[in-house]
Amino acid sequence: MTGKLITTTPTRRSLLKGLALGTGAIAAGSALPRFVQAQSSATIKLGFQVHRTGIGASYGRWYERTANAALKVINDGGGINGRPVELIFEDDGTDPKRGAEVVEKLVTQAKCDMILGTLFSHVVMGSAPRAGELKVPYLVCSEGHHVAAGALNRWTLQPSITDVKSQVKSMAPWVTANLGKKVTMVFPDYAFGHDHRDYFTAAVVAQGGEVIKQIAIPPTETNFTRYFPQIPNDTEVLYHVMVGPAVLTFVKEMGEFYGSGARPEIFGFIDSLEAVSIDSPGLEFLEGTHFWEGYPRYKQADASEHETFYRAAVGVDDNGASVSDPTDVSTYSHMFSTWETLFVIKQMMEESGYQSTTDRQAFVEALEATAGFDESQEHPQGPKIFNGKTHQVFGLQSITNLAEGKLTRVHQTTMEDGFYPDETDYTTQSF
Amino acid sequence: MKADRALVLHLAVLAALLLAHFLAPAYHHANLARIMVLSIYAMGYNIAFGYTGLLSLGHALLFGAGLYGAGMGVMHLGLPAGPGLVAGTFAGGLMALAVGVLALRTTGVAFMIVTLMFAQAGYLAILYFGQWTRGDEGIVITRAARAIGPIDLSDDASRYLVALTLFAAALLVNLALARSSWGRVMVAMRENEERSRMLGYNPFAVKLAALVVSGLYAGLGGAAYGLMFGYVGASLASVQYSILPLLYVLLGGAGTVLGPFLGALLMFYIIDYASSLTDAHQFVTGAALVLLVLFAPRGILGAIRAKAATWLP
Chain A
61 MTGKLITTTP
71 TRRSLLKGLA
81 LGTGAIAAGS
91 ALPRFVQAQS
101 SATIKLGFQV
111 HRTGIGASYG
121 RWYERTANAA
131 LKVINDGGGI
141 NGRPVELIFE
151 DDGTDPKRGA
161 EVVEKLVTQA
171 KCDMILGTLF
181 SHVVMGSAPR
191 AGELKVPYLV
201 CSEGHHVAAG
211 ALNRWTLQPS
221 ITDVKSQVKS
231 MAPWVTANLG
241 KKVTMVFPDY
251 AFGHDHRDYF
261 TAAVVAQGGE
271 VIKQIAIPPT
281 ETNFTRYFPQ
291 IPNDTEVLYH
301 VMVGPAVLTF
311 VKEMGEFYGS
321 GARPEIFGFI
331 DSLEAVSIDS
341 PGLEFLEGTH
351 FWEGYPRYKQ
361 ADASEHETFY
371 RAAVGVDDNG
381 ASVSDPTDVS
391 TYSHMFSTWE
401 TLFVIKQMME
411 ESGYQSTTDR
421 QAFVEALEAT
431 AGFDESQEHP
441 QGPKIFNGKT
451 HQVFGLQSIT
461 NLAEGKLTRV
471 HQTTMEDGFY
481 PDETDYTTQS
491 F
Chain B
2 MKADRALVLH
12 LAVLAALLLA
22 HFLAPAYHHA
32 NLARIMVLSI
42 YAMGYNIAFG
52 YTGLLSLGHA
62 LLFGAGLYGA
72 GMGVMHLGLP
82 AGPGLVAGTF
92 AGGLMALAVG
102 VLALRTTGVA
112 FMIVTLMFAQ
122 AGYLAILYFG
132 QWTRGDEGIV
142 ITRAARAIGP
152 IDLSDDASRY
162 LVALTLFAAA
172 LLVNLALARS
182 SWGRVMVAMR
192 ENEERSRMLG
202 YNPFAVKLAA
212 LVVSGLYAGL
222 GGAAYGLMFG
232 YVGASLASVQ
242 YSILPLLYVL
252 LGGAGTVLGP
262 FLGALLMFYI
272 IDYASSLTDA
282 HQFVTGAALV
292 LLVLFAPRGI
302 LGAIRAKAAT
312 WLP
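So the protein lines, in turn, are chains A and B. Take my numbering: the final residue in the first sequence is number 491, and no numbers are missing along the way. Take my numbering: the final residue in the second sequence is number 314, and no numbers are missing along the way.
Take a look at the structure:
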């Protein structure tokens, strides 16, 4: 080494030379593509708030599997912005108090870049305030209307699954046109059931139909026989949505009530039977009835290549069960949202030039500016329109008919069927 | 001297918590704020169970009364957060009075069952009146509604200091209560109700008063939880939240002033650590309860008081 790299007593010449070099370097830097600047190779950490225990465990199990399948596809394809991605799962016990603590843990202890995956509405409601306080993007897979209703905050978004208001509203035209106009509704007597009651009743009236009876079932009920006689004789369509461990009893007792005699048309939400085999003993009565499905469990004849890829990647057979255990039935109408949310994160991180947690706001702004997503391998359920103001996505719904033990699609809604006027504008909130 | 030692110990705990505000890492700082709020609830449970011998399985009703008293007051009646906190506290006390007047006609197992039933009825009422409570889904309290004057409860530092202030007040009142003559009457009810009656005390009145104080604590805990963490929901009034303070108190030491805090602190981190290792973290909670009952029925501070520090209140 003959020259000195650093002089301790700078001359005017050396200062001018250094200044010129420095200015040139800054100019050159600004001319280079963004990804060359300070490109981090550190792993992107995504926190996944998972219902491994509690009432949401059957959903959580499949949410975790689906997210891991999407993660593998993303990492095999080079990760996000060229960086590997890691999912950190933490069980929230399907409990809102623990949910908020899990958000805390994933963000401040595990140092996750953002959080995704929450399904049950009360856990979302309990956790979202903390996500907002920590200023971390919180991408939920919940289908609750609370996001679009404006109950949450600017950091909470639902970019991959439609909300219950949209789902219910989009069912009404087909139900009233094909099954009947006099509807009796049976629903659980709490917020989830009340959403169905309120939104479907309004949608039926808008179609010229009428809900002639609303039967609310208390959430602790285990015997339903006393409710069925309340169904009016002139009911043309029986609309049912139930959740929880008593679902099988409910359907079985409904079958016993009608026996082999005349019955109204029956339309239900698959939520009642997610993770439950459709050929379970006692469900024979459902043959010929119709269901809402967010994403048909049984592989349809016209399944796209993206659907085939997704099904294989997650490990789901043509009947909607695990390829390794035919009795392990998936939550197919909901779990796709975790797959699609991960790809939304990838796309938005890349579009916003996400480098570190300081870019979280840019991520949210990029997502708010997104018009939607085309049907693709990343979005196998179908195309989506994203409403940046309400932070809610809109998509297509399916109505399937149970025939010969399989659910076959008889109708797919249009995007417009599920639209409703904006109820909030999160973009007016500060970060 | 014994009284001084006790006071010094309690003030030292409060000083340590104040120090933690400046030194604790962000994750533990936020956890401590939660633990202090839950400890207020557990202290209330301890006044009923630990001191007075009222084994309630329905305290979630009182916690829920505080939670909804504050939450609905703020969101539906437009109360500011400060009056909301007061409303929630009194909602817990009033609920305890109403339940106590009826439930205290029973004792022992019957009291457990009656309080459990009242709490279950309260939980179902929250679901039933979903139009106002939003039932199982609950209510998010907006950030704007979570400010006591200039103090923003959604800010980490403010929240911690408010939690510490409430916790300190609750702890010192509890200490004064435990060392007062009335505190000794409560213990007398627990130890021998008939002898207390013979000495001229009215067991019903003493137990009802203890339950109301317990309800005020539970109400304050619930109201503070709702306003500080921004969520009010039916699941926080479910039976699980009647069992939690029992666990905290059993672990920390029933009938000790610091026991509820110690129990809440340890149980929080046991669950937190166990959930990182296994899905069966609820089994860990259950196993802890069984082991406690079998091998350390007095809890940690109860055992220390029995063997080494008889001055511990």
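Cβ coordinates follow ideal geometry from the N, Cα and C atoms, glycine included.
Strictly below 7 Å CB to CB, what residues from chain B border A:Tyr250?
Leu128, Gly131, Gly136 and Asp137
Can we say the region 461 to 472 of chain A touches the region 338 to 357 of chain A, given the rule of at least three CB pairs closer than 8 Å?
yes
So for A:Gly138, helix, strand or coil by DSSP?
coil
For B:Tyr28, decide whether its Cβ has a neighbour in chain A, counting only Cβ atoms nearer than 9 Å.
yes
Are there three or more Cβ pairs, one per stretch, closer than 8 Å when the region 101 to 109 of chain A is compared with the region 165 to 176 of chain A?
yes
Closer than 7 Å, Cβ to any Cβ of chain A: which residues of the region 16 to 27 of chain B, in chain order?
Ala27
Do B:Gly150 and B:Gly339 have their beta-carbon atoms positioned less than 9 Å apart in this structure?
Because chain B is modelled from 2 through 314, residue 339 of chain B falls outside the range shown and cannot be assessed.
Determine contact between the region 88 to 96 of chain B and the region 273 to 282 of chain B, defined as no fewer than three beta-carbon pairs at a distance below 8 Å.
With the cut-off at 8 Å, the region 88 to 96 of chain B and the region 273 to 282 of chain B do not touch.
I need the DSSP call for A:Leu462, collapsed to helix, strand or coil.
strand
Please identify, using Cβ separations under 7 Å, the residues of the region 145 to 167 of chain B that lie next to chain A, in order along the chain.
Ser155
Between the beta-carbon of A:Gly268 and the beta-carbon of A:Glu325, is there less than 9 Å?
Not a contact, by the Cβ cut-off of 9 Å.
At a cut of 8 Å, does the region 271 to 278 of chain A reach the region 234 to 250 of chain A through at least three beta carbon pairs?
Of all C-beta pairs linking the region 271 to 278 of chain A to the region 234 to 250 of chain A, three or more are shorter than 8 Å, placing the two stretches in contact.
Excluding five sequence neighbours on each side, which residues of the same chain lie with their C-beta closer than 6 Å to the C-beta of B:Asp153?
Here the set comprises Ser159.
Given B:Arg306, which residues of its chain have a CB within under 6 Å of its CB, disregarding the five upstream and five downstream residues?
Leu313
Rounded to whole angstroms, what is the Cα-Cα separation between B:Val258 and A:Ser220?
50 Å
Restricting to Cα atoms, I'd like to know which of A:Gly328, A:Glu124 and A:Ser187 is closest to B:Ile320.
The question about residue 320 of chain B has no answer here: the residues shown for chain B are numbered 2 through 314.
Return the chain-ordered list of same chain residues with a C-beta closer than 8 Å to the C-beta of A:Gly82, the five sequence neighbours on each side being excluded.
Caution is warranted here: a pLDDT of 45 is assigned to A:Gly82, below 50, making its placement in the model unreliable, and the coordinate value is therefore given only provisionally. Closer than 8 Å at Cβ, skipping near neighbours: no residue.
I'd like the list of long-range same chain contacts for B:Thr311, defined as Cβ closer than 7 Å, with 5 residues on each side in sequence excluded.
When the five nearest sequence neighbours on each side are left out, no beta carbon in the same chain lies closer than 7 Å to the beta carbon of B:Thr311.
Return the CA-CA distance between A:Leu217 and B:Arg185, expressed in angstroms with no decimal places.
Distance between the alpha carbons of A:Leu217 and B:Arg185 is about 55 Å.
Taking only beta-carbon atoms, is A:Thr387 less than 9 Å away from chain B?
Residue contact with chain B for A:Thr387: absent (no Cβ-Cβ distance below 9 Å to any residue of chain B).
Got a sec, what are the start and stop residues for the alpha helix (DSSP H) A:Lys444 sits in?
That residue, A:Lys444, is in no alpha helix (DSSP H); its beta strand (DSSP E) goes Lys444 to Asn447.
Whole angstroms is fine: what's the gap from A:Trp215's alpha carbon to A:Gly375's?
32 Å
Spell out whether any CB of chain B is found under 9 Å from the CB atom of A:Thr484.
no
Cα separation between A:Tyr414 and A:Leu333?
40 Å
Classify A:Ser100 as buried or exposed, calling it buried when 16 or more other Cβ atoms lie within 10 Å of its own Cβ.
exposed
Which residues in chain A have a C-beta closer than 9 Å to the C-beta of B:Val141? List them in chain order.
Against chain A, a Cβ distance below 9 Å from B:Val141 picks out Met185, Gly186, Ala188, Pro189, His206, Ala211, Leu212 and Asn213.
Out of curiosity, what's the CA-to-CA distance linking A:Gln441 and A:Glu435?
7 Å
Are there 16 or more other CB atoms within 10 angstroms of the CB of B:Tyr274, so buried, or fewer, so exposed?
exposed
Taking C-alpha atoms, which residue in B:Gly222, B:Ala27 and B:Asp5 lies nearest to A:Gln169?
Out of B:Gly222, B:Ala27 and B:Asp5, B:Ala27 has the C-alpha closest to the C-alpha of A:Gln169.
Just checking my contact of B:Ala224 with B:Gly70 at CB under 8 Å: how many whole Å lie between their CB atoms?
6 Å
Within 10 angstroms of the Cβ of B:Val9, are there 16 or more other Cβ atoms? Answer buried if so, exposed if not.
Exposed, since its Cβ has fewer than 16 Cβ neighbours within 10 Å.
Indicate whether at least one CB of chain B lies closer than 9 Å to the CB of A:Gln227.
no
Which first and last residues belong to the beta strand (DSSP E) in which A:Asp388 is found?
Asp385 to Val389
What are the start and end residues of the alpha helix (DSSP H) that includes A:Trp215?
Taken as a continuous stretch (DSSP letters only), A:Trp215 belongs to no alpha helix (DSSP H), as it is neither H nor E.
Can you grab the Cα-Cα spacing for the pair A:Ala381 / B:Thr134, in whole Å?
38 Å
Could you give the residue range of the beta strand (DSSP E) that holds A:Glu325?
Glu325 to Phe329
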